[in-house]
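Scroll down for the structure; my scribbles are underneath it.
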């Protein structure tokens, strides 16, 4: 059983998850343009030299089933999809990043610890919330999937397991829109028939070298004499491969570096353009955000209001203050004014609304009336 830093969970089975947003960029485009459904959709990075110069970044499953893969030249993808009514869309990283931020915030509020590992994936731990019970973990994971689907209309796949290495494999096991639970007792049997390429860090060259000594599945790796592995890869990688094949992975889930911004986003009770109604519903979230700032002894210099419209497009308005502050009234006033600007600048109703603070600094030297009123 894994040891954790939290003594309250030392006696519990460790419960780790991996969340993977399904064909993220392409799925976002499908949600925002329903006419794309049922067609090959490719989000691409165009080089600008010619209309076909560049590479495919993400392809939906229809395109994948027709032989298109990430990293493939656009020219080759077009040949494979000739006559298939395919849509080639220019990557819009800022749009995807904004949606990713919202999803990761939803996830953070549903788990013990979240470690974002990419724009479309994250590890998380739910040992405390689940009480070490994998049935509870399954319910938590299903709830998280439902929240993401309800909020952003996007599906994701989640793997739950005793370790990061197994959770990541599990999240890929039933894509798209999958949920795979691997208990401690099931781990070895789950891994045994899988190809060695499924292990994190095993690329084509490593896999080819392993096949050269008769190792094609993770099960083969479990029974492998360690000496040939050490000769091929060195002790460090050999130990990792042996441990990973046995489902042994003590890596903790860590939040990583301190956040440079904090945000809160809510789903409105109904779509609306009434700024006072929006702000009334948003106020508790602003108060919660301010409490987080005080708890971390931090102040902010930048405030943004966030609007997700009825068509799921995103709009933001920001203001930068002369000096950092941790004052609640300043936060509320700026958020209210910015939200009003957003409403006035769009003819569409808002579906969700949020506020973000950025340019965060330690608040030890800042004076705020709130601190004296607590």
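Numbering (this note's numbering), first residue to last: 1237 to 1610. For each residue, glycine too, the CB sits at the ideal point set by N, CA and C. Fair warning: this is a prediction, and the values are worked out from it, not measured in the lab.
_Backbone CA spacing between residue 1288 and residue 1587 [nearest angstrom]_ = 37 angstroms
_Within a Cβ cutoff of 7 angstroms, which residues of the same chain sit near residue 1366, ignoring the five residues on either side of it in sequence?_
1251, 1372, 1373, 1376
*Short Cβ contact (7 angstroms threshold) for residue 1184 with residue 1489*: Missing from the structure shown is residue 1184; the chain here goes from 1237 to 1610 and no further.
*Cβ contact check for the stretch 1264-1280 and the stretch 1323-1339: 3 or more pairs under 8 angstroms*: yes
*residue 1538: first and last residue of the uninterrupted beta strand (DSSP E) it sits in*: 1534-1545
_Taking 6 angstroms as the limit between beta carbons, can you name the residues of its chain near residue 1363, skipping five residues before and five after?_
1245, 1248, 1250, 1251
*asked:* Excluding the 5 residues flanking residue 1576 on each side, which residues of the same chain have their C-beta closer than 7 angstroms to its C-beta?
replied: 1511
*For the stretch 1397-1415 and the stretch 1472-1486, state whether three or more C-beta atom pairs, one from each stretch, are separated by less than 8 angstroms.*
yes
*What residues in its chain sit with their C-beta under 7 angstroms from that of residue 1313, if we drop five residues either side in the sequence?*
1278, 1292, 1304
*If you follow the alpha helix (DSSP H) that residue 1426 is part of, which residue opens it and which one closes it?*
1423-1427
*Are residue 1656 and residue 1260 closer than 7 angstroms when you measure CB to CB?*
Because the chain in this structure spans residues 1237 to 1610, residue 1656 falls outside the shown range and cannot be described.
*Counting along the chain, where does the beta strand (DSSP E) carrying residue 1589 start and finish?*
1586-1594
_Cα-Cα separation, residue 1296 to residue 1276_ = 6 angstroms
*Between residue 1571 and residue 1388, what straight-line distance do the alpha-carbon atoms span, to the nearest angstrom?*
23 angstroms
*May I have the straight-line CA-CA distance separating residue 1532 from residue 1435, to the nearest angstrom?*
38 angstroms
*Please name the residue in 1316, 1554, 1370, 1342 whose C-alpha comes closest to that of residue 1573.*
1554
*Pair within 7 angstroms by beta-carbon distance, residue 1415 and residue 1394*: yes
_Taking the alpha-carbon of residue 1384 as reference, which of 1422, 1520, 1344, 1541 has the nearest alpha-carbon?_
1344
*Which residues in the same chain as residue 1378 place their Cβ atom closer than 8 angstroms to its Cβ, once the five residues preceding and following it in sequence are excluded?*
1415
*Residues in its own chain within less than 8 angstroms of residue 1547 by CB, not counting five upstream and five downstream?*
1268, 1584
*Using DSSP with H/G/I as helix, E/B as strand and the rest coil, what is residue 1582?*
coil
*asked:* Quick check on residue 1351: buried or exposed, where buried means 16 or more other Cβ atoms within 10 Å of its Cβ?
replied: buried
*In its own chain, which residues sit with a C-beta less than 6 angstroms from the C-beta of residue 1540, not counting the 5 before and 5 after it?*
1552, 1554, 1592
*Can you give me the Cβ contacts of residue 1302 inside the same chain, cut-off strictly under 8 angstroms, excluding the 5 residues immediately before and after it?*
1276, 1316, 1317, 1320
*asked:* Taking DSSP's pairing of strands, which residues face residue 1415 in a bridge?
replied: 1394
*Tell whether a beta-carbon distance below 7 angstroms holds between residue 1476 and residue 1419.*
no
*asked:* Just to confirm my understanding: we take residue 1462, look at its own chain, exclude 5 residues before and 5 after, and list those with CB closer than 7 angstroms. What are they?
replied: 1474, 1478
*Rounded C-alpha distance that separates residue 1286 from residue 1310*: 11 angstroms
_7 angstroms Cβ cutoff met for residue 1595 and residue 1537_ = yes
*Tell me, which residues are paired with residue 1252 by DSSP?*
1361, 1397
*asked:* Going by the DSSP bridge assignment, what does residue 1290 pair with across the sheet?
replied: 1282
*CA-CA distance, residue 1256 and residue 1283?*
28 angstroms
*Start-end ranges of the alpha helix (DSSP H) lying completely within the stretch 1460-1502, minimum 4 residues*: 1462-1469, 1471-1481
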